[in-house]
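*Asks:* The letter at position 128 of the sequence shown is residue 128 when you use UniProt numbering, and the numbering goes up by one with no holes.
Note that the Cβ used here is the ideal one computed from N, Cα and C, for glycine as well.
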Amino acid sequence: MHTKNVEFPIPVGFINDFDNILSDEQEVTLLNLVKQHEAETSNQIAIVTLTSIQDYSGLEEYSLDLANHWGIGQRDKNNGVLIALYMKDRRIWIHNGDGIMHKLTDDETLDIIKKLMVPEFKKNDFYTGFQKGIQEIIKELKDS
Numbered sequence: 001m002h003t004k005n006v007e008f009p010i011p012v013g014f015i016n017d018f019d020n021i022l023s024d025e026q027e028v029t030l031l032n033l034v035k036q037h038e039a040e041t042s043n044q045i046a047i048v049t050l051t052s053i054q055d056y057s058g059l060e061e062y063s064l065d066l067a068n069h070w071g072i073g074q075r076d077k078n079n080g081v082l083i084a085l086y087m088k089d090r091r092i093w094i095h096n097g098d099g100i101m102h103k104l105t106d107d108e109t110l111d112i113i114k115k116l117m118v119p120e121f122k123k124n125d126f127y128t129g130f131q132k133g134i135q136e137i138i139k140e141l142k143d144s
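#1: Residue ranges of each beta strand (DSSP E) run of no fewer than 3 residues wholly in the UniProt domain "TPM" (15-139), ordered along the chain?
#2: For I100 versus I112, is the C-beta distance shorter than 8 Å?
#3: Return the CA-CA distance between D107 and N96, expressed in angstroms with no decimal places.
#4: Note down, in chain order, each residue of its chain lying with its Cβ closer than 6 Å to the Cβ of L33, except the 5 sequence neighbours on either side.
#5: Between the C-alpha atoms of G73 and L30, what's the straight-line distance to the nearest angstrom?
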């Protein structure tokens with residue numbers, strides 16, 4: 001954990017497109033999707049596109065610290081999901097809170113990344129990649 005000397009970006013809500021790869025309309029559509037899911041389940045899903053991971057060695061560690069710093073998920077349930085995209089390294093990671101790991105494992109999120117998100121990202125269709133990923137996360141959390 002590096003949080004001692006790290007300045008994390010300030011969240012602007014559930015959709016944090018710091019790399020400006022989504023249109024305003026796309027952000028609103030994704031926001032409505034995650035807000036509806038939160039209203040139905042209390043689970044929180046957030047997206048962040050990053051321009052830097054500072055002195056971290058990888059996106060996985062950075063996104064864990066960022067999710068904890070931002071407080072994604074209900075404090076008493078630890079039911080947050082952070083989808084992080086770091087364009088510079090073309091890396092994506094989904095961090096699941098401990099409270100939903102029984103419903104959505106790291107292996108399942110890796111499948112979502114590989115099968116649904118990466119094919120769209122390779123076409124530079126980031127919106128569709130995020131949308132498909134979020135829809136599958138929501139499906140997994142509801143089905144379990």
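*Replies:* Let me spell this out:
#1: 15-17, 44-50, 80-86 and 91-96
#2: no
#3: 11 Å
#4: I134
#5: 17 Å
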